[in-house]
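Residue numbering for the sequence shown follows this note's numbering, beginning at 5 and increasing consecutively.
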Amino acid sequence: EELELERDVEALDAFFDNYSKPELRIPSPADVDVLGTVKQVEKALTRMSGEKYVGVDYESYPLRPYAKDSRLSTAAFATTSEAIAFPLRHINAPWNRRERSILVDMVAEFFAESGVQFIAHNLQMELEWSIHEFGEEALEAVWHDSMSMAYVLDPRKGTLNLNFQSLATLGYPVKSMSPQLNMRQMHVEPLDQVLPYNGLDAIACLDVFLELDSRLEDPGTRAAYGRQVRTTIAYVQILREGIPVKAEVVK
5 EELELERDVE ALDAFFDNYS KPELRIPSPA DVDVLGTVKQ VEKALTRMSG EKYVGVDYES
65 YPLRPYAKDS RLSTAAFATT SEAIAFPLRH INAPWNRRER SILVDMVAEF FAESGVQFIA
125 HNLQMELEWS IHEFGEEALE AVWHDSMSMA YVLDPRKGTL NLNFQSLATL GYPVKSMSPQ
185 LNMRQMHVEP LDQVLPYNGL DAIACLDVFL ELDSRLEDPG TRAAYGRQVR TTIAYVQILR
245 EGIPVKAEVV K
């Protein structure tokens with residue numbers, strides 16, 4: 005046993021001799037570019053179209069898009085080098101009807117034609133809102149889900165939310181980087197606080213995904229992750245289209 009312990013200690017020493025700590029960014033609200041003109045959004049999405057992965061995060065009211073008064077308040081996209089956030093239907097959004105229509109078309113085209121792979125954390129929410137706000141073009145994109153990735157690696161209850169994952173995976177709790185906001189009223193919370201908050205979440209979505217992706221070494225685990233994502237996409241489509249029923253049978 006003593007010999008085995010010595011071997012284990014030697015192996016551990018060798019590991020740390022060759023270990024190089026990964027360079028992980030710890031962002032701040034100042035790292036989020038808050039955009040307030042259609043031209044700024046157009047230029048940013050054009051830049052991001054050359055990226056492989058882009059993190060996506062929305063702030064909405066309510067959580068899902070099916071209520072009569074639902075609205076997608078703000079949107080954020082992040083790459084490894086920049087993050088942007090802009091209002092859509094927040095009560096203080098600066099757009100007139102024409103400008104908002106142009107923004108919607110821009111994002112729809114970004115999803116459909118950029119060739120980017122999009123990263124959400126809780127894909128069901130982001131995909132539901134993407135289809136609702138930007139149209140079926142959102143389904144033409146390749147989607148990933150950092151929450152599903154976390155689940156197949158460690159499905160323990162309470163560990164899948166973005167705040168926990170950013171702390172466990174990246175070393176910082178993303179929700180502590182911004183002022184406390186009322187998550188149920190993000191469409192009326194101060195826009196100058198909501199947008200940086202939204203952008204930081206998009207950064208965390210991407211960075212958590214990139215870190216967890218490097219841990220999916222086992223082919224079976226990676227296959228399980230792929231099934232999770234495909235199931236989520238199919239589920240969202242079913243929710244939107246509904247299931248035909250016979251009224252005389254289902255009462």
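Glycine included, C-beta positions come from ideal geometry on N, C-alpha and C. Note that the structure is a prediction, hence the values are computed from the model and not measured.
Supposed contact pair residue j and residue i - C-beta distance, whole angstroms, cut 8 Å
| i | j | result |
| --- | --- | --- |
| Q232 | S152 | 4 Å |
| V36 | L199 | 7 Å |
| S77 | P91 | 7 Å |
| E103 | V42 | 5 Å |
| W133 | Y62 | 5 Å |
| V60 | F81 | 6 Å |
| P177 | N186 | Actually they do not touch by this definition, with Cβ atoms about 19 Å apart. |
| P79 | V58 | Residue 79 is actually Ala in this sequence, not Pro. Not confirmed; about 12 Å, so no contact. |
6 Å Cβ shell around residue i - same chain, five flanking residues per side excluded
| i | result |
| --- | --- |
| M181 | L204 |
| L131 | V240 |
Nearest candidate by alpha-carbon position, reference residue i, set the options
| i | options | result |
| --- | --- | --- |
| P66 | R219, V192, E221, F213 | V192 |
| E137 | H125, F115, A34 | F115 |
| W147 | R68, Q121, M52 | Q121 |
| N165 | E252, A208, E8, L143 | A208 |
| T84 | G54, L107, M110 | G54 |
| M52 | A87, A34, P69 | A87 |
| K256 | T235, G119, P177 | Limits of the chain in this structure are 5 at one end and 255 at the other, which puts residue 256 out of reach. |
| Q184 | Q197, T173, T225 | Q197 |
| P33 | L127, A124, L49, K179 | K179 |
| G246 | V58, E14, Y70, F213 | Y70 |
| L171 | N126, D211, V111 | D211 |
| I123 | N100, A206, E144, G139 | A206 |
| L195 | L39, E8, L143, L9 | L39 |
| T50 | I135, D222, E117 | E117 |
Identity of the residues DSSP links to residue i by a beta bridge
| i | result |
| --- | --- |
| G59 | A82, I123 |
| P91 | T78 |
| V146 | Q121 |
| Y65 | R75 |
| D37 | I88 |
Close beta carbons around residue i, own chain, < 8 Å, minus the five adjacent residues each side
| i | result |
| --- | --- |
| G175 | L28, I30 |
| R188 | Y65, P66 |
| Q128 | T236, Y239, V240 |
| N100 | none |
7 Å Cβ shell around residue i - same chain, five flanking residues per side excluded
| i | result |
| --- | --- |
| D17 | none |
| R11 | none |
Can at least three beta-carbon pairs, one atom from the segment 153-171 and one from the segment 91-110, be found at a separation below 8 Å? Too few Cβ pairs lie closer than 8 Å, so no.
Counting Cβ pairs closer than 8 Å, one from the segment 202-221 and one from the segment 239-251, do we hit at least three? no
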